[in-house]
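Read through the structure below, which is laid out as structure tokens, and then see the notes.
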Amino acid sequence: MAHIRERSLQHPFPELNGHGLRLRPWDADADSDVRDWLRGVSDPEFQRWNTPLRPVTDVAGARDLLRSRAEDAQDGVCASYRITDAAAGTTLGHIGVNDIDHVLGVARVGYWILPEARGHGVATRALTLAARWALTDLGLHRLELGHALGHDASCRIAERCGFPAEGTLRGAMFEAGRRDAFRDVHLHGRLATDPEVRL
8 MAHIRERSLQ HPFPELNGHG LRLRPWDADA DSDVRDWLRG VSDPEFQRWN
58 TPLRPVTDVA GARDLLRSRA EDAQDGVCAS YRITDAAAGT TLGHIGVNDI
108 DHVLGVARVG YWILPEARGH GVATRALTLA ARWALTDLGL HRLELGHALG
158 HDASCRIAER CGFPAEGTLR GAMFEAGRRD AFRDVHLHGR LATDPEVRL
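Using the working numbering, read the sequence shown as starting at 8 and increasing by one per residue.
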């Protein structure tokens with residue numbers, strides 16, 4: 008792991024630009040970033056489909072989580088991006104390349120979009136941009152995307168971005184708002200050798 012840490016300290020994860028978006032790392036010291044993160048993970052639609060392992064309910068918790076993600080980025084195991092409008096700079100959501108395994112060349116991708124930005128193709132554009140970077144510049148072989156069974160919007164986004172459905176993982180995530188019950192996950196995957204997606 009030390010060689011990965013040294014490499015990422017010398018070459019931190021870059022900003023990504025394209026499709027009218029700018030993806031940049033979240034800044035735990037910027038109050039606006041912290042408020043936007045808290046607003047995103049507090050949104051009822053986010054909470055309907057996600058039960059984070061580390062719940063965030065206030066500004067202090069959001070700041071701590073963003074600091075933890077920045078440390079994971081320094082260790083080369085997670086790239087957390089604030090999705091912004093390239094022209095206006097406003098926050099639209101989040102996308103992360105998580106659980107990066109540099110040995111196997113595999114990572115998991117996840118995202119959420121703020122309510123006012125939904126319905127404008129933000130998730131599709133951000134996922135296409137992040138996946139292209141992860142499977143080329145970062146040198147990964149495979150990206151996985153999992154969502155709660157029944158989350159049809161996420162399913163459509165995954166398919167549109169070249170992540171075909173691969174199957175159902177039984178009882179692989181918490182039920183909404185619970186840690187004593189589980190629900191199934193629909194798994195999608197994309198390989199570096201798959202045809203490139205054109206938007």
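Ideal Cβ positions, reconstructed from N, Cα and C, are used throughout, including at glycine.
Per DSSP, S87 forms a beta bridge with which residues?
-> G103.
Return the bridge partner residues of H127 from the DSSP annotation.
-> Note: H127 sits in no beta bridge, so no partner.
Let me know if G83 comes out buried or exposed under the rule of 16 or more other beta-carbons within 10 Å of its beta-carbon.
-> G83 comes out buried.
Could you tell me whether the segment 142-156 touches the segment 183-198, using the rule of 3 or more Cβ pairs below 8 Å?
-> Three or more beta-carbon pairs separated by less than 8 Å link the segment 142-156 to the segment 183-198, which places the two stretches in contact.
Backbone secondary structure at E22 - three-state DSSP | Assigned with DSSP and collapsed to three states, E22 falls in coil, not helix or strand.
Identify the continuous alpha helix (DSSP H) that holds G68 and give its terminal residues.
-> Per DSSP, the continuous alpha helix (DSSP H) segment holding G68 begins and ends at V66 to Q81.
Environment of L136 [buried if 16+ CB atoms lie within 10 Å] | Taking all protein chains in view, the Cβ of L136 is crowded by 16 or more other Cβ atoms within 10 Å, so the residue is classified as buried.
By DSSP, does G178 sit in helix, in strand, or in coil?
-> G178: strand per DSSP, three-state reduction.
Endpoints, beta strand (DSSP E) assigned at P51 = The continuous stretches of beta strand (DSSP E) do not include P51, which lies in the alpha helix (DSSP H) extending over residues P51 to W56.
With 16 other CB atoms within 10 Å as the buried threshold, where does A86 fall?
-> Classification of A86: buried, given that the 10 Å Cβ count is 16 or more.
Nearest to G112 by alpha carbon, out of L30, L147, S39 and G47?
-> The shortest Cα separation from G112 among L30, L147, S39 and G47 belongs to L147.
Give the C-beta separation of D106 and L73 to the nearest angstrom, bearing in mind that I take them to be a contact with Cβ-Cβ under 8 Å.
-> D106 to L73, Cβ: 18 Å. No contact.
Start and end of the alpha helix (DSSP H) containing E166?
-> Going by DSSP, E166 is part of the alpha helix (DSSP H) stretching over D159 to R167.
For D38, count neighbouring Cβ atoms within 10 angstroms of its own Cβ and tell me buried if that reaches 16, exposed if not.
-> D38 is exposed by the Cβ-count criterion.
Going by alpha carbons, who is nearest to G178 out of A172, R186 and A114?
-> Considering only alpha carbons, the answer is R186.
Quick one: residues in its chain with C-beta nearer than 6 Å to the C-beta of G174, no 5 flanking neighbours on either side, listed in chain order?
-> Its chain contains L194 as the residues whose beta carbon lies nearer than 6 Å to that of G174, once the 5 sequence neighbours on both sides are disregarded; these appear in chain order.
Of the residues P171, P122, L60 and R139, which one's Cα is nearest the Cα of L30?
-> Checking every option, the nearest Cα to that of L30 belongs to R139.
From the DSSP output, read off the bridge partner residues of D92.
-> Paired residues: L28.
Can you tell me where the beta strand (DSSP E) with E151 in it begins and where it stops?
-> Per DSSP, E151 belongs to the beta strand (DSSP E) from R149 to A155.
Would you report the Cα separation of F53 and V110, rounded to the nearest angstrom?
-> So the two alpha carbons sit approximately 32 Å from each other.
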